[in-house]
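Worksheet: the structure to be examined is printed underneath.
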């Protein structure tokens, strides 16, 4: 039986089995640290690395935007740490490190999840298209 080939049709790759729904990455970033805490602050950088690799393997048209958001979020994350330390140093007689630590954790979580939400929801549309194409390919 002969087959046809469309030039613009997406090619299947060997790494396609690694592509997951980005919502799964978001949920894993929320719930895995409740059970297991990755070493070296992995709960912050592992989900971003995972969603970045997912975007690359997906061939997402918004890959550059997602990468820019991840880099911007990382810079903001570091700036929050520096700003908190600066505020603590400036108000040393009033503030102690133990008083600022809970607020630092909250601010870092907020920056991390805001960054992850933006990237995941940017990647959700290309993933839906990928799933649709994959579904259509299995019907033929």
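In our numbering, the protein residues as written are 6 to 145. The beta carbon of each residue, even a glycine, is placed where N, CA and C say it ideally should be. In this text, all values refer to a predicted model and were calculated from it rather than measured experimentally.
Exposed or buried, what is residue i when buried is set at 16 or more other beta-carbons lying within 10 Å of its beta-carbon?
i: residue 65; result: buried
i: residue 35; result: exposed
i: residue 56; result: buried
i: residue 43; result: exposed
i: residue 97; result: exposed
i: residue 84; result: exposed
i: residue 32; result: exposed
i: residue 27; result: buried
i: residue 99; result: exposed
i: residue 103; result: exposed
Going by the beta-carbon positions, is the gap between residue i and residue j smaller than 8 Å?
i: residue 78; j: residue 116; result: yes
i: residue 81; j: residue 20; result: no
i: residue 90; j: residue 127; result: no
i: residue 137; j: residue 24; result: no
i: residue 131; j: residue 67; result: yes
Could you pull the start and end residues of the alpha helix (DSSP H) that residue i belongs to?
i: residue 20; result: It is not in any alpha helix (DSSP H) - residue 20 carries neither H nor E in the DSSP assignment.
i: residue 31; result: 27–40
Tell me, to the nearest whole angstrom, how far the beta carbon of residue i is from that of residue j; I am working on the premise that it is less than 8 Å.
i: residue 121; j: residue 52; result: 6 Å
Within the region 53–109, ranges of the alpha helix (DSSP H) (whole runs, at least 4 residues): 68–95
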